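According to this note's numbering, the sequence shown is numbered sequentially starting from 4. Written out below as structure tokens is the structure these notes cover.
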Amino acid sequence: MTFRTRFAPSPTGPLHLGHAFSAIVAHDMAQNLGGTFLLRMDDIDRVRSKPEFEKQAMDDLHWLGLRWPEPVRKQSRSALHFKALIDQLSYMGLVYPCSCSRADVEQASDAPQEGVPTHGPDGRIYPGTCRNRDMGSYENGDAIRLNVAKATKVGNLPSFTETGPRFEGVHRLSAEDLQATIGDFVVSRRDTGAAYHLAVVADDTDQKINHVVRGEDLFEATRIHVLLCHLLELPIPVYHHHRLIRDQNGKRLAKRDDARALAKYRSDGATPQDIRRMIGLPVQSAAI
Ligand code: GLU
Numbered sequence: 004m005t006f007r008t009r010f011a012p013s014p015t016g017p018l019h020l021g022h023a024f025s026a027i028v029a030h031d032m033a034q035n036l037g038g039t040f041l042l043r044m045d046d047i048d049r050v051r052s053k054p055e056f057e058k059q060a061m062d063d064l065h066w067l068g069l070r071w072p073e074p075v076r077k078q079s080r081s082a083l084h085f086k087a088l089i090d091q092l093s094y095m096g097l098v099y100p101c102s103c104s105r106a107d108v109e110q111a112s113d114a115p116q117e118g119v120p121t122h123g124p125d126g127r128i129y130p131g132t133c134r135n136r137d138m139g140s141y142e143n144g145d146a147i148r149l150n151v152a153k154a155t156k157v158g159n160l161p162s163f164t165e166t167g168p169r170f171e172g173v174h175r176l177s178a179e180d181l182q183a184t185i186g187d188f189v190v191s192r193r194d195t196g197a198a199y200h201l202a203v204v205a206d207d208t209d210q211k212i213n214h215v216v217r218g219e220d221l222f223e224a225t226r227i228h229v230l231l232c233h234l235l236e237l238p239i240p241v242y243h244h245h246r247l248i249r250d251q252n253g254k255r256l257a258k259r260d261d262a263r264a265l266a267k268y269r270s271d272g273a274t275p276q277d278i279r280r281m282i283g284l285p286v287q288s289a290a291i
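Here's what the structure looks like:
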């Protein structure tokens with residue numbers, strides 16, 4: 004099968020050195036393996052996504068020397084497909100509506116017990132307040148959550164292959180682990196519709212992505228993505244989570260770190276080769 008990957012930034016701020024690293028690693032892996040590198044705009048958050056960030060991102064990536072087939076897919080265009088997948092989970096009896104705000108979740112959560120995780124990839128693990136509701140009681144403004152205890156009883160839980168340096172190997176999903184460390188996660192948000200986890204799985208499938216290359220910060224969320232693929236009978240890609248680019252204090256770069264925006268380095272006269280050097284990538288294109 005030909006290697007096919009993507010870089011999928013959310014256009015909610017300027018790209019920084021961390022994005023450059025992720026995009027170049029994915030691009031170079033595809034190039035070295037004779038595969039395809041796609042660009043996708045994960046603009047599902049309609050409030051925070053801005054066309055000017057999209058334009059700037061494409062401009063920066065071109066400047067870095069990266070190329071991809073056009074047209075660039077936009078996540079916001081897939082809303083109907085996302086809805087169909089949520090309906091499928093609903094038909095399977097695996098989801099429920101939830102009216103809890105973030106503050107409700109904090110308040111309803113038990114006092115932390117030693118050794119029991121309180122936070123998962125999406126923050127506070129949901130205490131299950133609305134779990135007994137069914138979709139018949141859905142009201143406008145509700146989010147929709149997956150009942151993970153029920154979901155883990157569907158068929159045999161799958162495994163996924165990771166090729167990144169830190170977590171390399173085969174990882175099997177476990178019902179106990181999913182319930183204890185992830186909990187009932189949101190598949191549809193009250194504000195943006197489909198949540199990131201569902202949207203990313205749907206778009207990766209549609210784009211026939213068979214190797215997901217992205218930062219280590221998303222490794223924990225991968226179990227959610229693999230579980231969704233399993234439930235929705237979608238192919239499970241191979242994953243490659245690469246190291247993160249950090250500032251001098253060891254903190255992961257964030258979009259608000261404008262000082263490290265690629266545009267800033269460009270206007271200061273840096274070359275694409277300087278950027279490769281700064282993030283520890285070989286100046287001649289090569290995968291890590
Ligand atoms: N759009 C996500 C982000 O910017 C990345 C999605 C992914 O690579 O799975 O963090």
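We treat Cβ as the ideally placed atom computed from N, Cα and C, and that holds for glycine. None of the values given here were measured: they were computed from a predicted structure.
DSSP on residue i, reduced to helix/strand/coil?
i, result
"MET4", "coil"
"PRO14", "coil"
"LYS156", "coil"
"CYS133", "coil"
"PHE24", "helix"
"GLY172", "strand"
"TYR99", "strand"
"ARG193", "coil"
"LEU41", "strand"
"LEU56", "For the record, residue 56 in the displayed sequence is Phe; it is not Leu. Note: PHE56 maps to helix in three-state DSSP."
"PHE309", "Lying before the first or after the last residue shown, residue 309 is absent from the chain, which here runs from 4 to 291."
Return yes when at least one heavy atom of the ligand GLU lies under 7 Å from the C-beta of residue i, else no.
i, result
"ARG217", "yes"
"ASP63", "no"
"ALA11", "yes"
"ASP45", "yes"
"LEU237", "no"
"VAL203", "yes"
"LEU221", "yes"
Look at the alpha carbon of residue i and the alpha carbon of residue j, and state the distance between them as a whole number of angstroms.
i, j, result
"ALA114", "THR155", "26 Å"
"HIS122", "PHE222", "15 Å"
"GLU73", "ASP145", "36 Å"
"LYS77", "ASP48", "11 Å"
"LEU247", "ALA11", "16 Å"
"ALA197", "LEU83", "10 Å"
"ASP220", "PHE56", "22 Å"
"GLY218", "GLY283", "15 Å"
To the nearest whole angstrom, what separates the beta carbons of residue i and residue j, a pair I think is in contact under 8 Å?
i, j, result
"LEU256", "HIS19", "5 Å"
"ASP207", "VAL215", "6 Å"
Could you say if the stretch 187 to 203 and the stretch 137 to 153 meet the contact criterion of at least three C-beta pairs nearer than 8 Å? yes
Between the stretch 231 to 250 and the stretch 159 to 176, do at least 3 Cβ pairs fall closer than 8 Å? yes
Would the stretch 167 to 186 and the stretch 122 to 131 be scored as touching if the rule is three or more Cβ pairs under 8 Å? yes
Do the stretch 90 to 98 and the stretch 57 to 67 meet, that is, are 3 or more Cβ pairs less than 8 Å apart? no
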